[in-house]
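Worksheet: the structure to be examined is printed underneath.
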Amino acid sequence: MSAFSPSDALSINAIRVLSMDAVQHANSGHPGLPLGAAPMAYVLWHRHLVHDPADPTWYDRDRFVLSAGHGSMLLYSLLHLFGYDLSLDDIRAFRTWDSRTPGHPERGVTPGVEATTGPLGQGSANAVGMALAERFLAERFNTDEHTLVDHFTYALVSDGDLMEGLSGEAASLAGHLGLGKLIYLWDDNLVSLDGSNAMHFTEDVQRRYEAYGWHVEVVADGDTDLEAIDAALTRAKAETGRPSILCVRTTIGYGSPNKAGSSDSHGSPLGIDEVSATRAALGWEHADAFFVPEEAREWMQRSTQRGVDARQAWNRTRDAWANANPELEAERRLAWSGLLPDGWDAELPDFAPDKPIATRSAGGKVLQALAKNIPWLFGGDADLSGSTKTYLAGAEDFRSGGHVGRNIRYGVREHAMGAIANGIAYHGGARTWTATFFTFSDYMRPAMRLAAMNHLPIVHVFTHDSIGLGEDGPTHQPVEHLASLRAMPNTVVIRPADANETKAAWKLALKQRDRPTSLVFSRQDLPVLDAAAAAAGVPEGAYIAAEASRAPEVLLLATGSEVHLALAARVRLESEGVATRVVSMPSWELFEEQDLATQEAVLPRQVAARVAVEAGVSLGWRRWVGDAGELVTLDRFGASAPAEVLFEQLGFTVDAVCAAARTTLERCALSTN
74 MSAFSPSDAL
84 SINAIRVLSM
94 DAVQHANSGH
104 PGLPLGAAPM
114 AYVLWHRHLV
124 HDPADPTWYD
134 RDRFVLSAGH
144 GSMLLYSLLH
154 LFGYDLSLDD
164 IRAFRTWDSR
174 TPGHPERGVT
184 PGVEATTGPL
194 GQGSANAVGM
204 ALAERFLAER
214 FNTDEHTLVD
224 HFTYALVSDG
234 DLMEGLSGEA
244 ASLAGHLGLG
254 KLIYLWDDNL
264 VSLDGSNAMH
274 FTEDVQRRYE
284 AYGWHVEVVA
294 DGDTDLEAID
304 AALTRAKAET
314 GRPSILCVRT
324 TIGYGSPNKA
334 GSSDSHGSPL
344 GIDEVSATRA
354 ALGWEHADAF
364 FVPEEAREWM
374 QRSTQRGVDA
384 RQAWNRTRDA
394 WANANPELEA
404 ERRLAWSGLL
414 PDGWDAELPD
424 FAPDKPIATR
434 SAGGKVLQAL
444 AKNIPWLFGG
454 DADLSGSTKT
464 YLAGAEDFRS
474 GGHVGRNIRY
484 GVREHAMGAI
494 ANGIAYHGGA
504 RTWTATFFTF
514 SDYMRPAMRL
524 AAMNHLPIVH
534 VFTHDSIGLG
544 EDGPTHQPVE
554 HLASLRAMPN
564 TVVIRPADAN
574 ETKAAWKLAL
584 KQRDRPTSLV
594 FSRQDLPVLD
604 AAAAAAGVPE
614 GAYIAAEASR
624 APEVLLLATG
634 SEVHLALAAR
644 VRLESEGVAT
654 RVVSMPSWEL
664 FEEQDLATQE
674 AVLPRQVAAR
684 VAVEAGVSLG
694 WRRWVGDAGE
704 LVTLDRFGAS
714 APAEVLFEQL
724 GFTVDAVCAA
734 ARTTLERCAL
744 STN
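The sequence shown begins at 74 in this note's numbering and counts up one residue at a time.
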């Protein structure tokens, strides 16, 4: 390490040894990446990153995402050594219960962690979303006199990140959009968990990213050539028309005499003897674990003055900008707080009761009205805007160069769309939605899971919600998807039955501040229900859509288009003398959150005769109908035929619902005799 200055060498080794010690102490973790990637991370943080540990969330800081989240100790060491509120005791608690240093970085747990990473590829796509948000907000708030938004987004990515298809989807879009303030540092160490990349990853990454439209830099020696890393970062920052990737050749497990360059250092502690040998090989003179020389800490924290100065200058700029632009300042404060402006829902459309309309079409009309009054709301779809009805008319596209519009053309990239939306939400200052066919939520599920885990208030719009889409057949007909999303913690799933429930669902979704919402809409036209009942009922998750003529004998529970089937069945049952209540149940999650009195008013316990009606799998419905209830559901895949034929052939008929009602009534009568 003679090519390093003494302060550089000491600092880099402090990062390496602290990371190695924490992994060994936990007897769990990934020491290889911190040992190998420490030099590039150090150069970035010490010479380039604009951040202030005393104020980790200030508006115009640079963002840093450790996409290679398995190397979390690298990030924790950086945060501790550069002066964030992360103590040595926190480092010692690595990977233990309720610690601030979990096995993979988690946003909201550790100060300075911008995104929850670990599932490979997610962080790289999150970084694309952050860079996209930066450009959108710069367009919205910067003026000729004042620059309020102007920062970079960096992501440290691994071989595994670049192998995941998600990262390719996101990188392709980033190149297309020319996100010049996005910079990847690729830890090109030729090794993955199972061994050498020669087994499975031999493509020319440099040319692939050039083909994506990225600026590519190559650092041949990322172990010792700090000046080459620094120069590459400088050139990347100067390339404002394209995103950049630095291909930095490193040695995984650098310094370990017996495990450097090997997958043996990837996912397991080095072992006590190898830790001692690595200390000696690095010239580290301190035998005590978790020892940090004060001069290393002081040297690294000296560089954070750059961020302190930038933050103070930004505060002055913000004050001058706010004085000159009071309306924009009021907007900025609202947008960043996650609140909604006064009158945000004042111009929502009314829907005529005599004009059936698909909930996807109604949802599109509602979105247009909402976006008019919430200027920081922007989003897009997976090449399906004509079908999902989520394109904002007159708002222009978000594109490379020129004006930044509010419609993101994600292309056929559902997984990237979900992860990029997470990045937009992580960044802050904007609200966003995604849109695609419901069956393609399968492609988005990993990103949706992370959105739920991280309390991100994204709106996921899904259309073509059932066999009701018709002739496209079973590949496009979602069957198990409602049950799948309902199983996910901290997410709200709403399947509206009509236009008025759709309007209430959109309002509910935008009021969410700490969880995502999935809006599941129909392709086919549906009759319009009572507006007042829907407005009051949707926020509670379930409500009485049609009351029985007297005390109810049977309850018909349904969602979406099947509510109308239940209503038709009720007419017949009532004509036969069966007192029948229809309950529209657009959101199980919202209903579960109501108090027992509210739940009892809708689903009285004394009425055990119940029928669930939904064109999806039966999983989960037994909770609501009990052992005595009946299920008119679909525990098979669909078929290719017109929608009305499918509903008939697959048992979604008035006859079938009435038969199920009679069966549950008979079963309940027998049980009481």
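Ideal Cβ placement from N, Cα and C applies to all residues, glycine included.
Unbroken alpha helix (DSSP H) run spanning residue i, endpoints
i	result
E347	345–355
T307	299–311
T737	727–745
S591	Not the alpha helix (DSSP H): S591 falls in the beta strand (DSSP E), residues 590–593.
I325	Run containing I325: none; DSSP gives neither H nor E here.
T461	458–461
A243	238–250
L139	Counting along the chain, L139 falls outside any alpha helix (DSSP H), though it belongs to the beta strand (DSSP E) covering 136–139.
H153	145–154
E35	Residue 35 lies beyond the stretch modelled for the chain, which goes from 74 to 746, so this question has no answer here.
Start-to-end residues for the beta strand (DSSP E) that takes in residue i
i	result
E553	E553 -> no beta strand (DSSP E), and no H or E assigned at all.
T226	226–230
G452	452–454
V651	Here V651 belongs to no beta strand (DSSP E), and DSSP marks it neither H nor E.
L628	627–631
R482	480–482
E703	703–705
V566	565–567
Short CB-CB distance (under 8 Å) between residue i and chain D
i	result
D668	Checking the listed chains, one finds no chain D in this structure; it contains a single protein chain.
Coarse secondary structure for residue i, derived from DSSP in three states
i	result
W697	helix
A506	A small correction: the amino acid at residue 506 is Trp; Ala does not occupy that position in the sequence shown. If DSSP states are grouped into helix, strand and coil, W506 belongs with the strands.
A618	strand
E687	coil
W394	helix
Y499	helix
M517	helix
I531	coil
W259	strand
S75	Its pLDDT being 41, under 50, S75 is placed unreliably by the model, and nothing is read from it.
F471	strand
A604	helix
D162	helix
E666	coil
D598	strand
G176	coil
S101	coil
H288	strand
Nearest neighbour of residue i, chosen from the options [CA to CA]
i	options	result
A466	I531, S473, G452	G452
Y483	W372, L205, E665	L205
A435	S460, T564, D415	S460
R479	A492, G614, F510, K445	K445
F167	R134, G202, H103	H103
S349	N331, S336, H339	N331
K254	A301, M272, G241, L306	L306
A732	D135, G693, R645, G711	R645
Close beta carbons around residue i, own chain, < 6 Å, minus the five adjacent residues each side
i	result
A383	V123
R280	none
M74	Reliability of the predicted coordinates at M74 is poor, the pLDDT of 41 falling under 50, and the value obtained from them is presented with this limitation in mind. A82.
E402	A395
A244	Y285
V26	Any answer about residue 26 is impossible in this case: the structure gives the chain only from 74 up to 746.
8 Å Cβ shell around residue i - same chain, five flanking residues per side excluded
i	result
L154	S84, A87, I88, L91, V365, A369, R370, M373, Q374
L738	E626, V627, V651, A682
G196	V138, L139, S140, A141, G142, A188, T190, A228, V230, D234
V381	D125, A127
Q441	L465, A466
A99	F167, R168, T169, P342
Own chain residues within Cβ distance below 7 Å of residue i, not counting five before or after
i	result
S473	H249, L250, G251
N270	D232, L263, V264
S622	E647, A652
Any non-hydrogen atom of the ligand HEM within 7 Å of residue i CB
i	result
E367	Because no ligand of any kind appears in the structure shown, any question about the ligand HEM cannot be addressed here.
Exercise for the section: Evaluate the contact criterion for the segment 180–192 versus the segment 492–506: three or more CB pairs, one atom per stretch, below 8 Å. Expected result: By the criterion of at least three beta-carbon pairs nearer than 8 Å, the segment 180–192 is in contact with the segment 492–506.
Practice task
Spell out a yes or no on whether the segment 709–720 and the segment 573–581 are touching, meaning 3 or more CB-CB pairs, one atom from each, closer than 8 Å.
Solution key: In the pairwise beta carbon analysis, the segment 709–720 is classified as not touching the segment 573–581: fewer than three pairs are separated by under 8 Å.
Problem - Touching by the beta-carbon criterion (3+ pairs, under 8 Å), the segment 603–619 and the segment 645–663 - result: Flag = yes, the segment 603–619 and the segment 645–663 touch.
Exercise for the section: Check whether the segment 350–360 touches the segment 113–133, taking contact to mean three or more Cβ pairs, one atom from each stretch, closer than 8 Å. Expected result: Because the criterion of three Cβ pairs below 8 Å is not met, the segment 350–360 and the segment 113–133 do not touch.
Problem - Given 8 Å, three or more beta-carbon pairs between the segment 684–693 and the segment 543–560 - result: The answer is yes - the segment 543–560 touches the segment 684–693, with three or more Cβ pairs under 8 Å.
Handout entry: Stretch pair the segment 212–225 + the segment 164–180: three plus CB contacts closer than 8 Å
Key = The way I'd put it, the segment 212–225 doesn't touch the segment 164–180; fewer than three beta-carbon pairs between them come closer than 8 Å.
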